[in-house]
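To convert, note that position 15 of the sequence shown is 15 in the working numbering; the numbers rise steadily by one, no gaps.
One structure is given below, encoded as structure tokens.
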Amino acid sequence: MEVAPNYSDPVISSLTGVTETLLITLAARVLAPWENPDLKFEDPVAEYVARTIALDINRFKSDRKTMRGAVSRAIWFDKVVFRLLTAHPGATCISFGSGLDVRQSRLAGVEYSSWIDVELPDVHDLRRRFVPQKWRREEVVSEVAHPVSWLESVSATSGQPIIFFAEGVFLYLDRDTIVSLLSALINLGKINNSKVFIVIDLISPILARLSRKNTSVRSTGANFTIGVNTPDQVTSMFPELNILESTDLMDVLGVSAALFRRLYQAATWGKLPYSGCCFST
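In structure tokens, the structure reads:
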């Protein structure tokens, strides 16, 4: 699928840094059936959004590892959220940093009491205009200067679980923001007498440094941040959290990635360089 580049929309043209990375993951989801058919991933809503904004897919197409890695990560997040919702159909879902992703369109057959997409103002505007009305649920704006204040407007059903997930977001957050966010989520669970599930991906310091060589990320001007990089760090800061799952998110990236992972694990007593993590209170 090819779409002629034509960012006539001023908001899309003004995207830069971390917010612009949403175009990378959108391209990966659109290209998946052609570039990574073995992953068996299709996202018709992503194709619709890409056509609507005239996404220049060729800008990222040659970065095959990033495209493949983004799709593999999306599949893992889909599976974990689907599994949690199957077990807890009355849950409140909070998608933090959704970008132009419409995950609920890929989770057929599950139920939830509410679905909240949290985004920065400019991305919120894009979602409002380009995501089909059928898939838009409650949307909350998060300010850069106050990344936790949006939680004040979230109402969760008392006694029902809260499922918070942030795909490809914690890679760009500093430690203080991560601590504030997780603290606020845990506190929200206590106030509502709700079990809290947290689904995130974490990156090692060495991979964060190597992000400067990632052609797709570098083209946006964004850089990964070494905020928190292992699930053990999270549970050491928050003893009330338990690790339900820690998964290698590099396992589909080929021989060189597998070799890097083995060397990294040998040097760090088995830690993963890039992991998908699910926690619960």
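The C-beta atom is built at its ideal place from N, Cα and C for all residues, glycine as well.
Is the distance from the Cβ of residue i to the Cβ of residue j below 8 Å?
{"i": "VAL196", "j": "LEU185", "result": "yes"}
{"i": "MET67", "j": "LEU100", "result": "no"}
{"i": "SER105", "j": "TRP135", "result": "yes"}
{"i": "TYR264", "j": "SER216", "result": "no"}
{"i": "VAL102", "j": "VAL131", "result": "yes"}
{"i": "VAL228", "j": "ARG175", "result": "yes"}
{"i": "PRO239", "j": "CYS277", "result": "no"}
{"i": "ARG242", "j": "SER275", "result": "It is worth fixing the name first, because residue 242 is Asn in this sequence and not Arg. For ASN242 and SER275, no; Cβs fall outside 8 Å."}
{"i": "VAL148", "j": "SER180", "result": "yes"}
{"i": "GLN160", "j": "ALA108", "result": "no"}
Considering only DSSP beta bridges, list what residue i is partnered with.
{"i": "TRP115", "result": "CYS93"}
{"i": "GLU138", "result": "ILE116"}
{"i": "TYR274", "result": "ILE203"}
{"i": "THR247", "result": "GLY276"}
{"i": "PHE164", "result": "ILE94 and ILE198"}
For residue i and residue j, which I take to be in contact (beta-carbon distance under 8 Å), what is that distance rounded to the nearest angstrom?
{"i": "GLU167", "j": "ASP201", "result": "7 Å"}
{"i": "GLY189", "j": "ILE163", "result": "With a Cβ gap of about 11 Å, GLY189 and ILE163 do not count as contacting."}
{"i": "ASN214", "j": "ALA156", "result": "At roughly 36 Å, the Cβ-Cβ gap does not stay under 8 Å, so ASN214 and ALA156 are not in contact."}
{"i": "ASP248", "j": "ARG261", "result": "7 Å"}
{"i": "SER142", "j": "ASP117", "result": "Not a contact, Cβ separation roughly 10 Å."}
{"i": "ALA70", "j": "ILE24", "result": "7 Å"}
{"i": "PRO273", "j": "LEU207", "result": "5 Å"}
Below 8 Å, how does it come out for the region 44 to 56 and the region 67 to 81: are there three or more Cβ pairs, yes or no?
no
Every unbroken alpha helix (DSSP H) inside the region 8 to 80 [4 residues or more]:
10 to 14, 22 to 35, 44 to 53 and 58 to 61
Segments assigned alpha helix (DSSP H), at least 4 residues, entirely inside the region 204 to 238:
205 to 210, 215 to 220 and 231 to 237
Give a yes or no on contact between the region 217 to 224 and the region 247 to 260, applying the rule of three or more CB pairs nearer than 8 Å.
no
Three-pair Cβ contact test at 8 Å for the region 57 to 72 versus the region 16 to 32
yes
Length-filtered (3 minimum) beta strand (DSSP E) runs lying within the region 173 to 204
196 to 203
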